[in-house]
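Written below as C-alpha cells is the structure these notes are about.
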Amino acid sequence: MDSNNKKRETYYESIIKQGYSRRDFMKFATYIAAYMGLENSMVGQVAKSLETTYRVPVIWEHFQECTCCSESFIRSDHPIVADIILDKISLDYTLTLMAASGHQAEAAKKATMEKYKGEYILCVEGSVPMGDDGNYCCIAGQSAKDILIESAAGAKAIIAWGSCASNGCVQAAKPNPTNATPIHKIIKNKPIIRVPGCPPIGEVMAGVIIHMVTFGRLPELDRLGRPKAFYAKRVHDSCYRRPYYDAGLFAETFDDKNAKDGYCLYKLGCKGPMTYNSCGTIKWNNGVSYPIQSGHGCIGCSEESFWDNGPFYERLAKVPGIHAEGLADDIGKVGAGVLAGGLAVHAIAANISKRKELKSRINRGKSNEKDIDS
Amino acid sequence: MKKIKNFKRVYVWELPVRIFHWLNVLALFVLVVTGFIIANPPAILSSAEATNLHSFGIVRFLHFTAAYIFLFVLIMRFYWAFMGNRFASWRAFWPFTKKNWNNFWHVMKIDIMLLNEKEEDVTKISIGHNSVATLSYIVMFVLAIVQIATGFALYGDMASWWLPKMFTWVIPLFGGDFIVRSIHHTAMWLFIFFAMVHVYLVFYHDWLEGRGEVSSMFGGFKFVSDERLKHAHNEKEVEIKEEKGIVATK
Chain A
1 MDSNNKKRET YYESIIKQGY SRRDFMKFAT YIAAYMGLEN SMVGQVAKSL ETTYRVPVIW
61 EHFQECTCCS ESFIRSDHPI VADIILDKIS LDYTLTLMAA SGHQAEAAKK ATMEKYKGEY
121 ILCVEGSVPM GDDGNYCCIA GQSAKDILIE SAAGAKAIIA WGSCASNGCV QAAKPNPTNA
181 TPIHKIIKNK PIIRVPGCPP IGEVMAGVII HMVTFGRLPE LDRLGRPKAF YAKRVHDSCY
241 RRPYYDAGLF AETFDDKNAK DGYCLYKLGC KGPMTYNSCG TIKWNNGVSY PIQSGHGCIG
301 CSEESFWDNG PFYERLAKVP GIHAEGLADD IGKVGAGVLA GGLAVHAIAA NISKRKELKS
361 RINRGKSNEK DIDS
Chain B
1 MKKIKNFKRV YVWELPVRIF HWLNVLALFV LVVTGFIIAN PPAILSSAEA TNLHSFGIVR
61 FLHFTAAYIF LFVLIMRFYW AFMGNRFASW RAFWPFTKKN WNNFWHVMKI DIMLLNEKEE
121 DVTKISIGHN SVATLSYIVM FVLAIVQIAT GFALYGDMAS WWLPKMFTWV IPLFGGDFIV
181 RSIHHTAMWL FIFFAMVHVY LVFYHDWLEG RGEVSSMFGG FKFVSDERLK HAHNEKEVEI
241 KEEKGIVATK
C-alpha cells in the first residue's frame, strides 16, 4: 500500500496541478455538497476529504449502450467534475475517453485490476447480453459477460450508470432479442449503486462518486439500490408545473393555449407522476431546463422498462400481463357490457325456469290478501 | 292443501356488519368515481390562476379520504369476524367444510344454473351468506388488500404519516409506479364487476325467495321459514331472545 500511495495523488493535489486555484477548489466543494443535499456545515468535510483522500482508481466498462451517460457526465455543470472525475479520479480504463488503445489499453486495465484489487470502483455503462453466450457484445475478444464478471471480482463497489446498466433500457424492451440484462441481476456479491436515467443527470453522477470519496462508503440507497439523495422524489412532486395539476388545469394537445400557458402535461402522457428522479430540482445543462420545462412530458426514462410502459404521449392504464393493445378501460367497458347482458339473460331465464314457484308464490299472496279482507 | 311457508324474523346482520357494508359502498363509489377522474381528468376551461384553483387537488383529497375509510372499515370488519355472530364470523367464510360445499353446489344448481328441485331440502338453504357469496367475498377481501397496498404505496411518497408509508415497499416489489398503477386501475374494474353481480343477485334472491334479502342490509333481519328454523334450532344455529326475537348463536 505504501508504495502505491507514494505514486498516488490526493484529489486536491490533482486539482491544483491541473491549474485550479484553492478558491476554485472550495467553490467546487461547496457546489457538489449542495447537489448531494448536504448541509452547509458539511462543506468543510467534503473539502477535507478531497484534500486527504488518495484518488480512487476507476474502471469504466462500456457494454450495450449509446455513451449518453458519459456524455452527460462530461457535461456536468462544473469543469472540475469532468477534470477530476474523468481525468483525475484516475479513470484507468474507459473505451470512450482513454488515450491508450488495443493491447495497451487492455494491459492497463489488467494492471489496475491487479494492483488495486478490492479498492477500485467499477463503473458500468450499458447492459450485458446474456443470450447466445453473450456473443452480442464482445470487446477485445471477450464477451461482455466475461469482462463484467472478471472486473467485478476485484471491485470495491459497482456503479451501474444509466438505465441500461440499472434496468436494461431499450435493448431489454420486449422482446429483448439479445437478453440484455442489468448488472444487479448478474453480480450478486458486490454492493451495487443503480443510477438510472437515460442518461442520468451529470451532477447526480458526480454526486454519487464524490459521496463515495468523501465519506468512504456508499450513499444511502433505497430499496431499488438507487441513491436516496437523488431518487427519493417523483419528478411530479418537485415539478414547477405541479400547481396546474392540483388546479386541474391541463394541456389537452401540444399546440393548444393551455400548453402555451405552461399548464400541466399530465393528459399528454407525462410520466412525471410515476418517475423518480431529480430533474425537477437539479435540472439539465447547467440547470437551464428539463423536459417538462421545455414543454415536453417526462418519458419516465429512469423507471424500469419505460419503453414497454405504453405510449409516451398518452395517459393509459394497461392490464398487467397483457401486452397487446389491452387497455384496462377498454377491456373493462367490454367486460361490464358482457356482464350486464349475461345478468339480463339470467334474469329472464330465472323467470322462465322458476315460473311454477313464482306462480304459486303469487297465488299464495293473493289468497292471503283475501283472508285479510274477509 | 298446499304447503304453507311460515316466515319468522331472524336477526342476521348486526350493526357493525351493516355499517361496514354501507360505508364500504360509499367509499367504493367515491373511490371509483374519483379514480376515473384522476385517471383521465376532464378538460376544464378556466381563466383563473392555478393559485386560486384546487379542483383536481380536491378530487385527489376525496380519493385519499375515501381510501382511509375503505381501510378502516375493512379493519373493523376483520375485527368483527372474531367478535360478531355466527353469520359474521370468519367461520362462515371458511371454505373447507362439507356443509360449505353442500351449500355451494346447491346454490350453483338452483341459483346459478337455475335448476329446480323436486322437493325443497331446507337443510341446504343458508340463513346468512351462501357459500358462493362467501367465496366471492373472500376474493373481494383479497382484492381490497391489493387495492389498499397498491394505492397507499402510490400515495406513500407524498405522505408524512407512518400508515401510508408502511406500504412503500410495494413499489420496489413490482418494479415501479407504472406497473403498480396498472394493477390498481385494473383491479378497480373487478370491483365494478363484483358490484354489478352482487346487486343483481341480491335482487334475484329477494324476488324469488321473499326472505327480505334487500332489506336485511338495512334492518339486519332476514325471514326464515319455520321448517328451516327448526333445523337451525337442532343445529344450535339460532336461539330465541326476548328483545330481538330469533338471533344467531355465537
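The listed protein sequences derive, respectively, from chains A and B. Under the working numbering, the first sequence has 332 at position 332, and the numbering climbs by one with no breaks. Under the working numbering, the second sequence has 177 at position 177, and the numbering climbs by one with no breaks. Think of the CB as a built atom: it goes at the ideal place given N, C-alpha and C, for glycine as much as any other residue.
Item, Value
"CB contact below 8 angstroms: A/L265 versus chain B", "no"
"Buried versus exposed call for A/V288 [16 or more other C-beta atoms within 10 Å across all chains shown]", "exposed"
"Continuous alpha helix (DSSP H) stretch holding B/W101: start and end", "98–107"
"A/P251 versus A/K260: straight-line alpha-carbon distance, rounded", "Per the sequence presented here, residue 251 of chain A reads as Ala, with Pro not at that position. Near 8 angstroms, if we compare the C-alpha coordinates of A/K260 and A/A251."
"Beta-carbon gap between A/V319 and A/G272 smaller than 8 angstroms", "no"
"Exposed unless 16 or more other CB atoms sit within 10 angstroms - verdict on A/R22", "exposed"
"Residues bridged to B/Y11 [DSSP beta-bridge criterion]", "B/F221, B/V247"
"Inter-residue Cα distance where the pair is A/K6 and A/M26", "A caution first: A/K6 carries a pLDDT of 48, below 50, which makes its placement in the model unreliable, though a value can still be read off. For A/K6 and A/M26, the distance between alpha carbons rounds to 25 angstroms."
"Close beta carbons around B/V214, own chain, < 8 angstroms, minus the five adjacent residues each side", "V202, F203, D206"
"Rounded straight-line distance, which links the Cα of A/A172 to that of A/T53", "38 angstroms"
"Contiguous alpha helix (DSSP H) assignments of at least 4 residues, all confined to the stretch 133–210 of chain B", "162–165, 170–174, 177–209"
"DSSP state of A/P200 mapped onto helix, strand, coil", "coil"
"Chain A within 8 angstroms of B/R18, Cβ atoms only", "no"
"A/A229 beta carbon near the ligand ATP (any heavy atom closer than 7 angstroms)", "Of the ligands one can find in the structure shown there are none, so the ligand ATP has no counterpart to examine."
"C-beta contact flag for A/T284 and A/I209 at 8 angstroms", "Just to set this straight, residue 284 of chain A is Trp in the shown sequence, not Thr. No; because the gap between Cβ atoms is not below 8 angstroms, this pair is not in contact."
"Exposure label - B/F61; buried when at least 16 CB within 10 Å", "exposed"
"Within-8 angstroms CB hit, A/Y245 to chain B", "yes"
"Contact under 8 angstroms by Cβ, B/V122 with B/R9", "no"
"For A/C138: DSSP bridge partner residues", "A/S143"
"Cβ-based burial, A/S101 [other Cβ within 10 Å; buried from 16]", "exposed"
"Within-8 angstroms CB hit, A/K110 to chain B", "no"
"N- and C-terminal bounds of the alpha helix (DSSP H) containing A/K22", "A quick correction: the sequence has Arg, not Lys, at residue 22 of chain A. Unbroken alpha helix (DSSP H) run through A/R22: 22–35."
"Straight-line gap, B/E117 to B/I125 (C-alpha atoms, nearest Å)", "12 angstroms"
"Own chain, CB closer than 8 angstroms to A/E51, minus 5 neighbours either side, in chain order", "T10, Y11, Y12"
"Partner residues on chain B for A/G429, Cβ-Cβ distance less than 7 angstroms", "Residue 429 of chain A falls outside the range modelled here, since chain A spans only 1 to 374, and no answer is possible."
"DSSP three-state assignment for A/T112, whether helix, strand or coil", "helix"
"Inter-residue Cα distance where the pair is A/A347 and A/Y290", "58 angstroms"
"Touching by the beta-carbon criterion (3+ pairs, under 8 angstroms), the stretch 159–179 of chain A and the stretch 187–197 of chain A", "yes"
"Closest Cα partner of B/S89 within the set B/K98, B/Y79, B/T97, B/Y155", "B/Y79"
"DSSP beta-bridge partners of A/A160", "A/V124, A/R194"
"Chain A contact for B/S182 (CB, 8 angstroms cutoff)", "yes"
"For A/I348, the first and last residue of its enclosing alpha helix (DSSP H)", "328–353"
"Backbone CA spacing between A/P199 and B/N130 [nearest angstrom]", "57 angstroms"
"Proximal residues to B/S46 (C-beta, below 7 angstroms), its chain only, five neighbours per side dropped", "L53"
"Boundaries of the beta strand (DSSP E) in which A/V58 is found, first to last residue", "58–62"
"A/P405 (DSSP reduced to helix, strand or coil)", "Outside the modelled stretch of chain A, which goes from 1 to 374, sits residue 405 of chain A, for which no answer is possible."
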